[in-house]
Amino acid sequence: MLSPEEVASLEISDKIGSGAYASVHKGVHKATGQVYAVKILDQGGDGADEDDISRINDELRALEECACDEVVKYFGHTWVSDKLWVALEHCMYGSLRDVLKPGMTMSEGQ
7 MLSPEEVASL EISDKIGSGA YASVHKGVHK ATGQVYAVKI LDQGGDGADE DDISRINDEL
67 RALEECACDE VVKYFGHTWV SDKLWVALEH CMYGSLRDVL KPGMTMSEGQ
């Protein structure tokens, strides 16, 4: 796990994904060189209503408690200015959507 201070000090670089409420960037821990995916949510701060905050907190709790190899690992989160930074496992091949193509099938072992 990373402390909130460590999450805030990650060196953010390339944008590797985006969605309706967040973008995902490559983040590097300067002291160790460890690479993370940093999900930056713009929905926080004054623009978020109670339902948004509840949904975000539920997602963070679920990620923190999840110990499944098929789900990206959660390493910590913190607020940087009015944005929520969530440090996650960096998947070198991108998201599942990036890997799977329409009509593609996979075996159970894959």
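Here the sequence shown stands for residues 7 to 116, numbered as in our numbering. Every residue, glycine too, gets a C-beta built ideally from N, C-alpha and C. None of the values given here were measured: they were computed from a predicted structure.
Beta-bridge pairing of residue i - partner residues as DSSP gives them
| i | result |
| --- | --- |
| T6 | Nothing can be reported for residue 6: it is not among the residues displayed for the chain, which extend from 7 to 116. |
| E17 | V34 |
| S24 | S29 |
| L47 | A28, L90 |
| V41 | V34 |
Sub-8 Å separation of residue i and residue j beta-carbons
| i | j | result |
| --- | --- | --- |
| V44 | W85 | no |
| A93 | Y27 | no |
| G82 | S15 | no |
| V4 | E65 | With the chain covering 7 to 116 only, the question about residue 4 has no answer from this structure. |
Outcome for residue i when other beta-carbon atoms lying within 10 angstroms are tallied against a minimum of 16
| i | result |
| --- | --- |
| V30 | buried |
| G33 | buried |
| E17 | exposed |
| I46 | buried |
Euclidean distance between Cα positions of residue i and residue j
| i | j | result |
| --- | --- | --- |
| E56 | K36 | 35 Å |
| K89 | K21 | 16 Å |
| E76 | E114 | 13 Å |
| I62 | S87 | 17 Å |
| E70 | Y80 | 6 Å |
| E12 | C97 | 20 Å |
| T38 | P108 | 38 Å |
| A68 | I59 | 14 Å |
| C72 | G25 | 22 Å |
Run of the alpha helix (DSSP H) containing residue i, from where it starts to where it stops
| i | result |
| --- | --- |
| D57 | 56-71 |
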